[in-house]
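Participant: Numbering (our numbering), first residue to last: 87 to 650. Got a structure for you, written out below as structure tokens; questions coming shortly.
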């Protein structure tokens, strides 16, 4: 939260590389216009990735997502300016033109507001119909074994038919914005783990009985995200249920992802990059973000060596969490970030001014009972590789659990490197992305990552991991190959593999093979179909290798925008 102290500087002295057009007729400046965030799964992020890889966008911060709609408009203006530079106009790729055109259509209202139009809008953003059918036994416990479906906002699923019917709406009025994404859900019942598995899980978590996972086998309504925002001089304050994506990869950041249900939080976001005057300009454009929120679903804590709690019953006094991230772009080709999260307070440790300040400034982990605090520090970086700048981008994500910094303790930190090939030679419509995951064994006890000796439910929200799907002690990789039919239409094949250490809950492994088609039927209609085969073997759950098949169909309707 120290980032908030920089607000006066950001208002007065810092400058962005791309300035909005001056408003006419006394209209509000773009720096004071609020806007809502684009969901991380939207096609617009891939479009910006491809424009950035081609050199048309230089101030996109991929390690700090999601982005607001006004920020996308800023990036589109930047790409158009780069296109107008000498040397670009005659050589521009038709695919680049298509990306710019489709992005300009998507964010046409925000582009007009950059030119001085009033920021007033209320609309239904999308209506979605999704069905996921799973044949065979799925994996549903990422905190102890693995998940069949990952990075899905903590949606419940089970063996059989799972359906989700959603409505998303947004509104803006000057410096204010509001957003809601709600669903009617029908979840099949997840298989019950054997009694021997419950005993092993309880022993691994130091609890008298195994904590229960997310509720399944229900029909009901659920708010996925809902928030209100206020913007002042490019500083946006947002309160409500929100998701974060703090990392450059596609498989899921190690520190904060959308694998679990969105947190209820108060978030500060410097939505437009700024530069610090003087020597600070060497850091290049900077973006900042900070939040404080509250967890749900925590069932056990340790107090003076005694486990307190009851399986399946969440504490009424849930812990709090805060996080801070600063991202820097010293050159157009290099971006790096530093971030931190801390879980604090909750049952047995009341929220006080002292406990909050102590969680902010203390880095000690020596006494978890008198000073409960579950601290994690992460770094990430992305670099467009020399000689292949318009082709290949390398990136890395790392976090340390109860250690000051990953670079200082590389053998005690989790790592996730990746490569992104924006187009294959002679196959300009094909891109390839690969990411690895490594969680080295810690000497303290198996399953150290994402665990805490005071907060025994670990780094979870609503009983699901807030970080990477790779889990507490596993190695693995993901690979995607995508053929782009257009900006909004693609065919994709992907592989996901993980091997859990035999030291943690008897180990295990999984292998997912997936094919998907994402097709824009019309400007207002989008169809997505996915088929996934998963083969897994976790001796804790099954004596023999097991497999399942998951098929998903989603139809989305996005009505044309209306302003008032």
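Beta carbons are placed, not taken as given, at the ideal position from N, Cα and C, and that holds for glycine.
#1: With 16 as the cutoff for other CB atoms within 10 Å, does residue 530 come out buried or exposed?
#2: Quick one: what does DSSP say residue 110 is sitting in, helix, strand or coil?
#3: What residue does the beta strand (DSSP E) around residue 501 start on, and which one ends it?
#4: Report yes if the C-beta distance between residue 400 and residue 384 is below 8 Å; otherwise report no.
#5: Nearest-angstrom Cα distance between residue 503 and residue 483?
#6: For residue 430, which of helix, strand or coil comes out of DSSP?
#7: Quickly, what does DSSP pair residue 408 with across the bridge? List them, please.
#8: Check this for me: beta carbons of residue 550 and residue 271, under 8 Å apart or not?
#9: Would you kindly work out how many angstroms separate the C-alpha atoms of residue 205 and residue 122, rounded to a whole number?
#10: Which one or two residues does DSSP pair with residue 479 in a beta bridge?
#11: Secondary structure at residue 453, three-state DSSP: helix, strand or coil?
#12: Kindly indicate the opening and closing residues of the beta strand (DSSP E) around residue 190.
#13: Starting from the Cα of residue 568, find the closest Cα among 507, 278, 625 and give me that residue.
#14: Between which two residues does the beta strand (DSSP E) carrying residue 444 extend?
#15: Taking the beta carbon of residue 332 as the centre, do at least 16 other beta carbons fall within 10 Å, making it buried, or is it exposed?
#16: Let me make sure I understand the geometry here. Which of 251, 283, 288, 312 has the alpha-carbon closest to that of residue 263?
#17: For residue 532, which of 230, 510, 304, 369 has the nearest alpha-carbon?
#18: Tell me whether residue 131 sits in a helix, a strand or coil according to DSSP, three-state version.
#19: With DSSP as the reference, identify every bridge partner of residue 611, one or two as the case may be.
#20: Looking at the unbroken alpha helix (DSSP H) that takes in residue 166, where does it start and where does it end?
#21: Could you give the distance in angstroms between the alpha-carbon of residue 209 and the alpha-carbon of residue 189?
#22: In the structure shown, what three-state DSSP assignment does residue 287 receive?
#23: Taking residue 219 as the reference, which of 247, 200, 238 has the closest Cα?
#24: Roughly how far, in whole angstroms, is the beta-carbon of residue 405 from the beta-carbon of residue 381, given that I think they are within contact range, below 8 Å?
#25: Which stretch, first to last residue, makes up the beta strand (DSSP E) that contains residue 310?
#26: Quick check on residue 609: buried or exposed, where buried means 16 or more other Cβ atoms within 10 Å of its Cβ?
#27: If you measure between the beta carbons of residue 395 and residue 386, is that distance less than 8 Å?
#28: Whose C-beta lies closer than 7 Å to the C-beta of residue 292 among residues of the same chain, with five residues either side of it excluded?
#29: Between the segment 581-591 and the segment 551-565, can you find at least three pairs of beta-carbon atoms closer than 8 Å?
#30: Hey, out of 474, 476, 604, 480, whose CA is closest to residue 467's CA?
#31: On the DSSP letters alone, give me the boundaries of the beta strand (DSSP E) that residue 351 sits inside.
#32: With burial defined as no fewer than 16 other Cβ atoms inside 10 Å of the residue's Cβ, what is the status of residue 135: buried or exposed?
#33: Please state whether the Cβ-Cβ distance between residue 607 and residue 619 is less than 8 Å.
#34: Go ahead and label residue 242 buried or exposed: buried means 16 or more other beta carbons lie within 10 angstroms of its beta carbon, across all protein chains shown.
#35: With distances taken between CB atoms, is the gap from residue 497 to residue 464 smaller than 8 Å?
#36: According to DSSP, what are the bridge partners of residue 623?
Facilitator: A quick look at the data gives this:
#1: Counting every other CB atom within 10 Å of its CB across the protein chains shown gives residue 530 a total below 16, marking it as exposed.
#2: For residue 110, the predicted structure reports a pLDDT of 47, less than 50, and the residue's modelled location is therefore unreliable. A value from the coordinates is still provided. Three-state result, residue 110: coil.
#3: 499-507
#4: Their beta carbons are under 8 Å apart, which means residue 400 touches residue 384 by this criterion.
#5: 6 Å
#6: strand
#7: 378, 428
#8: no
#9: 12 Å
#10: 470, 506
#11: Confidence in residue 453 is poor, its pLDDT being 49 and thus under 50, which makes the residue's placement too unreliable to answer from.
#12: Not the beta strand (DSSP E): residue 190 falls in the alpha helix (DSSP H), residues 180-192.
#13: 507
#14: Note, residue 444: premise wrong, no beta strand (DSSP E); alpha helix (DSSP H) at 439-447.
#15: buried
#16: Taking only the C-alpha atoms, the option nearest residue 263 is 312.
#17: 230
#18: helix
#19: 643
#20: Its alpha helix (DSSP H) spans residues 155-170.
#21: 19 Å
#22: Of the three classes helix, strand and coil, the one that applies to residue 287 here is helix, per DSSP.
#23: 247
#24: 5 Å
#25: 305-318
#26: Answer is exposed; the Cβ neighbour count stays below 16.
#27: yes
#28: Closer than 7 Å at Cβ, skipping near neighbours: 388, 393, 542.
#29: yes
#30: 480
#31: Per DSSP, residue 351 belongs to the beta strand (DSSP E) from 349-356.
#32: Buried: at least 16 other Cβ atoms inside 10 Å.
#33: No.
#34: buried
#35: no
#36: 595
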